[in-house]
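To keep things clear, I will list the structure first and then write my remarks on it.
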Amino acid sequence: MKGRRNPFVAREGIPLLLAALLATGITWELVSVIWALLPGVIFLWLFLVFRDPRRSIPAIPLGVVSPVDGVVTEVGVTDKSVLNGEANRIVIAVDSLGTYTARCPVEGKIMDFHTDPGNGSLNIDTSGLWVRTDENDDVVLQFHGHRFGLAPRAILRYGERVGQGQRCAYLRFTRYAEVQFPITGRPLVAAGDRVVAGTGTLAKLLPH
């Protein structure tokens, strides 16, 4: 599934980039080249922060791809998964200069955390993205450690279909991304591995 067309930078950062560019031009014309370096440096920093390059997303049947650029810090099993019961769990430290948008780990349908998943009330205390695949596997993406009080913001709606590797949220300086997937799945990474959003494979789901 093809994602929405995006510029090289995330739309959320365009107003700030334009403001910094305008400030650089005005300072250059009205003050001096030296003073224009300050807003110029800010512009370059913002460009790196909001960088959102297009990526060639490979077809990985039953694969769980990395939602972010970063380094794997934890691979294990949790008995306190968001959707209740045991689940595999992979935690990634987000690269602050990696892509600004998160990518969806699997293809499927965006589910609503406020609906009953079929086995009781949800065990959830943080925001996240819940995707149900065509094979009825539930995969959850959560973010932890927000900086500057800015929580990640989803750019997809409940009920919407999403492609594997498609843009799904603005990261907004979050520190960690966590992916939970069925206990029957097989992790393919270890702590210390570097992964790339949308292309790095974290795990394989069991075929039905």
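As numbered in the numbering used here, residues 126 to 333 make up the sequence shown, in order.
No residue lacks a Cβ here, since even glycine has one placed at the ideal position from N, Cα and C.
To the nearest angstrom, how far is it from the Cα of residue i to the Cα of residue j?
i    : j    : result
L162 : L222 : 21 angstroms
V287 : R257 : 10 angstroms
L313 : P192 : 15 angstroms
A184 : A144 : 39 angstroms
G138 : L171 : 8 angstroms
D241 : S181 : Bear in mind that a pLDDT of 47 at D241, under 50, signals an unreliable position, so the number given afterwards is only what the model happens to contain. Each residue's alpha carbon lies about 35 angstroms from the other.
R179 : G201 : 31 angstroms
L169 : D177 : 14 angstroms
R282 : V264 : 16 angstroms
H271 : T152 : 33 angstroms
V231 : S157 : 51 angstroms
Q267 : Y225 : 15 angstroms
L254 : A279 : 8 angstroms
For residue i, which residues of its own chain have a beta-carbon under 6 angstroms away from its beta-carbon, when the five flanking residues on both sides are left out?
i    : result
I217 : V193, G195, V197, A302
H269 : Y301
D318 : V197
D262 : P307, L330
L146 : F168
C229 : V287, Q291, C293
F175 : V134, A135, G138, Y225
H333 : E260
On the three-state DSSP scale, how would you describe residue i?
i    : result
I217 : strand
E260 : coil
L330 : coil
A145 : helix
E137 : helix
V158 : helix
V166 : helix
V174 : helix
G150 : helix
T198 : strand
R282 : coil
R319 : strand
G188 : strand
T324 : coil
V193 : coil
Cutting at 8 angstroms between CB atoms, please list the residues of its own chain near residue i, excluding the five before and the five after it.
i    : result
N248 : Its pLDDT being 42, under 50, N248 is placed unreliably in this model, and the coordinates cannot settle the point.
E199 : R214, I215, V216, A316
I159 : none
Write down the C-beta distance between residue i and residue j rounded to the nearest angstrom, noting that I regard them as a contact closer than 8 angstroms.
i    : j    : result
T309 : L331 : 4 angstroms
V304 : I215 : 5 angstroms
A227 : A322 : 7 angstroms
V190 : Q289 : 6 angstroms
G284 : D259 : No, G284 and D259 are not in contact; Cβ-Cβ is about 15 angstroms, not under 8 angstroms.
Considering only DSSP beta bridges, list what residue i is partnered with.
i    : result
W255 : M236, V265
Q305 : R214, V265
T226 : Y295
P312 : A328
Could you pull out every residue in the same chain whose Cβ sits closer than 7 angstroms to the Cβ of residue i, ignoring the five residues on either side in sequence?
i    : result
L275 : R297, F298
P164 : A145, A148, T149, T152
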